[in-house]
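Visitor: Next up is a structure, given as structure tokens.
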Amino acid sequence: MSNKNVIDRIQNRNSSIELLRIISMILIVFHHFAFHGGFKWQTNSVTISHFWYNFIYGGGKIGVNIFVLISGYFLIDRKTSVFSYIRRILKFWGQVFFYSFVIFFISVIVDMKNFGMQSLIKMCFPITFSSWWFASTYFVLLLIHPFLNEFLNNLKKESYQKLLILLIVCWSIIPTFINSEYQGNSFLWFVTLYAIAGYEKKYKFRIEFTSKHYFKLCFLFSLLTYLCGVIFIVIGKKWNIFATHETYLYGQEKLPILLVSLTLFLAFTRWKMNYHKWINITASATFGVYLIHDNKIVRSFLWMSLFKNYRYQDSIMIIPYSIGVVAIVYIICTMVDLVRKNLFEKSYMRIIDKYSVSWLKIFREIYNFFERKIFG
Numbered sequence: 081m082s083n084k085n086v087i088d089r090i091q092n093r094n095s096s097i098e099l100l101r102i103i104s105m106i107l108i109v110f111h112h113f114a115f116h117g118g119f120k121w122q123t124n125s126v127t128i129s130h131f132w133y134n135f136i137y138g139g140g141k142i143g144v145n146i147f148v149l150i151s152g153y154f155l156i157d158r159k160t161s162v163f164s165y166i167r168r169i170l171k172f173w174g175q176v177f178f179y180s181f182v183i184f185f186i187s188v189i190v191d192m193k194n195f196g197m198q199s200l201i202k203m204c205f206p207i208t209f210s211s212w213w214f215a216s217t218y219f220v221l222l223l224i225h226p227f228l229n230e231f232l233n234n235l236k237k238e239s240y241q242k243l244l245i246l247l248i249v250c251w252s253i254i255p256t257f258i259n260s261e262y263q264g265n266s267f268l269w270f271v272t273l274y275a276i277a278g279y280e281k282k283y284k285f286r287i288e289f290t291s292k293h294y295f296k297l298c299f300l301f302s303l304l305t306y307l308c309g310v311i312f313i314v315i316g317k318k319w320n321i322f323a324t325h326e327t328y329l330y331g332q333e334k335l336p337i338l339l340v341s342l343t344l345f346l347a348f349t350r351w352k353m354n355y356h357k358w359i360n361i362t363a364s365a366t367f368g369v370y371l372i373h374d375n376k377i378v379r380s381f382l383w384m385s386l387f388k389n390y391r392y393q394d395s396i397m398i399i400p401y402s403i404g405v406v407a408i409v410y411i412i413c414t415m416v417d418l419v420r421k422n423l424f425e426k427s428y429m430r431i432i433d434k435y436s437v438s439w440l441k442i443f444r445e446i447y448n449f450f451e452r453k454i455f456g
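Now the structure itself:
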């Protein structure tokens with residue numbers, strides 16, 4: 081695929097959904113500010129700063145869910161050739177490996193104590209060792225998505241609906257009310273979200289609902305979910321069990337978060353925004369923002385050593401401080417990833433495209449080997 085085709089595809093993307101990517105990543109960065117910021121709340125801490133912490137904490141899993149929903153929406157009906165499939169896998173792997181290598185290399189230069197055989201092996205295989213949990217889970221989803229598409233696209237509408245009900249009951253409703261994942265995990269949850277988004281693309285949920293309807297529903301679900309967290313904080317002052325579960329409803333598979341994620345996603349898919357070049361360009365760097373700021377080495381340095389989030393635990397200044405810090409982190413990480421795309425990814429993908437026949441032969445040989453050994 082030529083660079084021109086890649087640029088054309090970016091430009092043809094719906095800018096409303098690309099804007100949603102940006103918003104989702106901002107929510108994720110806010111969540112990491114709270115989750116990794118070293119905050120230790122007392123059970124009797126009923127303060128504005130605590131309420132703000134609870135507010136920004138809740139957005140992270142909404143952002144994660146939306147990223148998977150967007151992928152399902154775009155990939156469910158995409159006709160995938162063998163090489164385009166391999167190309168997508170290698171592009172994703174290349175980006176993850178790039179940041180794994182560069183961040184590890186810089187950390188070793190700064191402090192040789194960071195070097196070790198175990199850390200070196202993990203650097204070389206970041207997806208295998210789950211250096212980023214989302215990247216590892218999403219990589220598996222990318223691997224199986226053509227087969228998942230074939231299965232979902234061959235379902236009749238009624239069967240598809242029954243499947244969605246079953247998936248949501250097993251991996252959202254039951255875990256919400258009994259605090260159990262019911263034999264689930266992040267990958268199965270990603271498959272559920274992928275199937276939900278695929279249904280929206282193929283058949284539409286409530287065709288008569290407009291973007292405004294879904295924005296209103298999203299606001300309502302968000303408000304109710306947040307108020308539950310606030311109530312848990314307040315009554316937790318008397319009953320400790322509530323204080324220790326103030327973020328219980330913020331899990332990615334919990335029903336309130338699913339409803340917020342889905343209604344926000346549907347609001348943006350129904351919103352027909354004109355093409356905006358800079359929205360699409362900025363959105364193309366969102367995954368890079370995640371890989372940079374949530375790398376295990378960068379994470380502790382960023383939130384604990386550099387910005388020292390915990391210093392604002394008991395101050396109302398946590399509100400402007402968190403907004404400023406998240407803006408700085410997001411802008412810098414976006415700029416870094418856009419530079420990477422222009423300096424490294426273009427060359428990397430040219431090599432992939434140049435030797436496409438060779439790549440196909442390699443993967444064909446691997447497939448034939450396993451076919452002979454397993455199936456005979």
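The sequence shown begins at 81 in my numbering and counts up one residue at a time.
Don't be surprised by glycine CBs; every beta carbon is placed ideally from N, CA and C.
Note that the structure is predicted; figures quoted are calculated from it, not measured.
(1) Using CA coordinates, which residue listed in Val310, Val249 and Ala365 is at the minimum distance from Phe23?
(2) Cβ atoms of Cys298 and Leu329: under 7 Å apart, would you say?
(3) What are the complete alpha helix (DSSP H) segments, minimum 4 residues, inside the stretch 206 to 261?
(4) Sorted by chain position, which residues of the same chain lie with C-beta nearer than 8 Å to Ile253's C-beta, five sequence neighbours on each side aside?
(5) Can you tell me whether DSSP reads Gln393 as helix, strand or coil?
(6) Under 8 Å Cβ to Cβ from Ile372, same chain only, skipping five residues before and after it: list those, please.
(7) For Gln91 and Ile102, what's the separation of their Cα atoms in angstroms?
(8) Rounded to the nearest angstrom, how far is the Cβ of Leu100 from that of Phe348, given a contact under 8 Å?
(9) How many angstroms separate the CA atom of Val126 from the CA atom of Tyr370?
(10) Excluding sequence positions up to five away, which residues of its chain have a Cβ less than 7 Å from the Cβ of Phe113?
(11) Determine the direct distance from the alpha carbon of Ile399 to that of Lys237, and round the result to whole angstroms.
(12) Are there 16 or more other CB atoms within 10 angstroms of the CB of Leu521, so buried, or fewer, so exposed?
(13) Let's test the definition: count the other Cβ atoms within 10 Å of the Cβ of Leu342 and tell me whether it reaches 16, buried, or not, exposed.
(14) At which residues does the alpha helix (DSSP H) containing Tyr355 begin and terminate?
(15) Going by other Cβ atoms of all chains shown within 10 Å of its Cβ, with 16 needed for buried, is Ile359 buried or exposed?
(16) Using CA atoms only, rank isn't needed, just tell me which of Arg350, Asn375 and Thr256 is closest to Thr327.
(17) For Met203, collect the residues of the same chain with a Cβ closer than 7 Å to its Cβ; drop the 5 residues on either side in sequence, then sort them by chain order.
(18) Going by C-alpha to C-alpha distance, which of Asn134, Phe119 and Gly138 sits closest to Ile108?
(19) Assign Asp433 to one of three DSSP states: helix, strand, or coil.
(20) From the DSSP output, in three-state form, read off Phe51 for me.
(21) To the nearest whole angstrom, what separates the beta carbons of Phe301 and Val340, a pair I think is in contact under 8 Å?
(22) Can you give me the Cβ contacts of Lys242 inside the same chain, cut-off strictly under 8 Å, excluding the 5 residues immediately before and after it?
(23) Would you call the stretch 203 to 222 in contact with the stretch 436 to 455, where contact means no fewer than 3 C-beta pairs closer than 8 Å?
(24) So, helix, strand or coil for Lys296, using DSSP?
(25) Nearest chain D C-beta to Lys237 closer than 7 Å, yes or no?
(26) Evaluate Trp212 with the Cβ neighbour count: other Cβ atoms within 10 Å of its Cβ, from every protein chain shown; 16 or more gives buried, anything less gives exposed.
(27) If distances are taken between C-alpha atoms only, which option among Gln198, Val188, Thr123 and Ser161 comes closest to Ser436?
(28) Thinking just about the alpha-carbon of each residue, which of Phe110, Val144 and Ser151 is nearest to the one in Tyr133?
(29) Between Thr365 and Glu98, how many whole angstroms is the CB-CB distance? I'm expecting something under 8 Å.
(30) Measuring CB to CB, does Val176 end up less than 7 Å from Ala215?
(31) What three-state label does DSSP hand Gly139 in the structure shown?
(32) Taking only the alpha-carbon atoms, compute the straight-line gap between Gly117 and Arg391 and give it to the nearest angstrom.
(33) Quick one: is Glu333 buried, meaning 16 or more other Cβ sit within 10 Å of its Cβ, or exposed?
(34) One question on the structure: do Val220 and Phe267 come within less than 7 Å of each other, judged by their Cβ atoms?
(35) How far does the alpha helix (DSSP H) with Ser199 in it extend, from its first residue to its last?
Guide: Reading from the atomic positions:
(1) Shown here, the chain extends from 81 to 456; a query on residue 23 therefore has no answer.
(2) no
(3) 213 to 233, 237 to 248 and 254 to 258
(4) Leu335
(5) coil
(6) Within the same chain, Ile372 has close Cβ partners Tyr179, Ile183, Val378, Cys413, Val416 and Asp417.
(7) Confidence at Gln91 is low in this model, with a pLDDT of 48, below 50, so its placement is unreliable and no value can be given for it.
(8) With a Cβ gap of about 4 Å, Leu100 and Phe348 count as contacting.
(9) 31 Å
(10) Closer than 7 Å at the Cβ level, and outside the excluded window around Phe113, lie Ile136, Trp383, Asn389, Ser402, Val405 and Val406.
(11) 46 Å
(12) For residue 521 there is no data in the structure shown, the boundaries of the chain being 81 and 456.
(13) In this structure Leu342 is buried. Its beta-carbon is surrounded by 16 or more other beta-carbon atoms within 10 angstroms.
(14) It is not in any alpha helix (DSSP H) - Tyr355 carries neither H nor E in the DSSP assignment.
(15) buried
(16) Thr256
(17) Ser180, Phe181 and Phe184
(18) Gly138
(19) helix
(20) Residue 51 lies beyond the range of the chain shown here (81 to 456); nothing can be said about it.
(21) In this structure Phe301 is in contact with Val340, their Cβ atoms being roughly 5 Å apart against a cut-off of 8 Å.
(22) Same-chain partners within the cutoff: there are none.
(23) no
(24) If DSSP states are grouped into helix, strand and coil, Lys296 belongs with the helices.
(25) Considering every chain present, this structure includes no chain D. It has just one protein chain.
(26) buried
(27) The residue with the shortest Cα to Cα distance from Ser436 is Ser161.
(28) The residue with the shortest Cα to Cα distance from Tyr133 is Phe110.
(29) According to the sequence shown, residue 365 is Ala rather than Thr. Ala365 to Glu98, Cβ: 11 Å. No contact.
(30) For Val176 and Ala215, yes; Cβs fall inside 7 Å.
(31) In the three-state reduction of the DSSP assignment, Gly139 falls in the helix class.
(32) 9 Å
(33) buried
(34) yes
(35) Met197 to Cys204
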